[in-house]
Ligand code: SIN
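In my numbering, the protein residues as written are 15 to 323.
Shown next as structure tokens:
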């Protein structure tokens, strides 16, 4: 893992010190890893303002290295939040959630005493049931419970790498079936469907990350219903195993939200689980989601140590 720090002159360093120990007083942006596997807290950047090219490069590179980035004390209007997302790609519209007509790209994440579900309270990669699932998501939480409401994130690079060679070979030859109906039907109902129906898609069970070239397990509890090449009983057994495997704490980090915290995660190589342990308290936030590409698996692409932007 590399911690990248950015200085006022736009250069970066690769020190691995915590912010307090960083030897460079001119530091403006600091990337502080949360665990060796996944997650880093980023300080010294105001996400409400357009990112200058060096800051964009530093954040993008840090996202590729740490898979999910956390930011504190960020106050953004909807327009600023959407503008931030657009610096990384076109914005995605949720296929089933209700939308504000002025801001259809904003997904409201809300829990209180009156709701029967909250978004994301099971392990998933956002909208993996879309034919071209989102590249990443940027969530800002505005209201937090007195305790609880943390989000767990897990590296699917680490989950894949931890499988035996034999199991890796089996899984990377499979096509996973993802279905939005199983997850969305009891939550959002069918009244706000983007395409008039629930999305469903087939994706490689192991996908090659288009930027890093690393293989990541792309199977999740929220949306995956089975594998095209297997018999139903085999499919359910393997799915159950992989879902349990992905939930191992060694692949995870856990983020404790405060008011105006933000998280930016890469959906192509992570899963997350929003813990609903704060009922009947209120937690409220807004998510902008960035469009991605069609997942692929390329056996000829070896994992690379360095990252090409
Ligand atoms: C989600 O986007 O899946 C919700 C995440 C969260 O509320 O922490």
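For glycine and all other residues, C-beta sits at the position ideal for the given N, C-alpha and C.
#1: For residue 142, which of helix, strand or coil comes out of DSSP?
#2: Does the region 283 to 292 come into contact with the region 159 to 175, if we say contact requires no fewer than three beta-carbon pairs (one atom in each stretch) closer than 8 Å?
#3: Taking residue 102 as the reference, give the member of 293, 46, 226, 65 with the closest Cα.
#4: I need the DSSP call for residue 13, collapsed to helix, strand or coil.
#5: Of all the options 42, 162, 131, 313, which has the alpha carbon lying nearest to the alpha carbon of residue 345?
#6: Would you identify the three-state DSSP class for residue 188, choosing helix, strand or coil?
#7: Counting only runs of 3+ residues fully inside the region 49 to 100, write out the beta strand (DSSP E) ranges in chain order.
#8: Can the beta-carbon of residue 325 be found less than 8 Å from the beta-carbon of residue 296?
#9: Is the region 78 to 94 touching the region 44 to 54 in the sense that three or more CB pairs, one from each, lie closer than 8 Å?
#10: My output table needs one value for residue 282: the three-state DSSP class, helix, strand or coil.
#11: Should residue 218 be labelled buried (16 or more other beta-carbon atoms within 10 Å of its own) or exposed?
#12: Tell me where the alpha helix (DSSP H) around residue 196 begins and ends.
#13: Do residue 275 and the ligand SIN come close, with the Cβ less than 7 Å from some heavy atom?
#14: On the three-state DSSP scale, how would you describe residue 312?
#15: Which residues does DSSP list as the beta-bridge partners of residue 163?
#16: Using the Cα positions of residue 215 and residue 191, report the straight-line distance between them to the nearest angstrom.
#17: Looking at the ligand SIN, does it come within less than 7 Å of residue 142, judged from the CB to the closest heavy atom?
#18: Is the CB-CB distance between residue 207 and residue 152 below 8 Å?
#19: Looking at residue 243 and residue 189, is the spacing between their C-beta atoms short of 8 Å?
#20: Near residue 276, what residues of its chain come up, given a Cβ to Cβ distance below 6 Å and the 5 sequence neighbours on each side ignored?
#21: Near residue 160, which residues of its chain fall below 7 Å by C-beta distance, leaving aside the five closest residues on each side in sequence?
#22: Run the CB neighbour count on residue 67, radius 10 Å, all protein chains shown included, and call it buried at 16 or more, exposed below.
#23: Following the continuous beta strand (DSSP E) through residue 156, name the residue where it begins and the one where it ends.
Quick answer:
#1: coil
#2: yes
#3: 65
#4: Here the chain covers residues 15 to 323 and nothing more, so residue 13 does not appear.
#5: No statement about residue 345 is possible, as the shown extent of the chain runs from 15 to 323 and does not include it.
#6: coil
#7: 54 to 57, 82 to 85
#8: In the structure as shown, the chain starts at 15 and stops at 323, and residue 325 therefore has no counterpart that could be examined.
#9: yes
#10: coil
#11: buried
#12: 194 to 202
#13: no
#14: coil
#15: Answer is none; residue 163 lacks a bridge partner.
#16: 6 Å
#17: no
#18: no
#19: yes
#20: 85, 88, 154
#21: 295
#22: exposed
#23: 150 to 157
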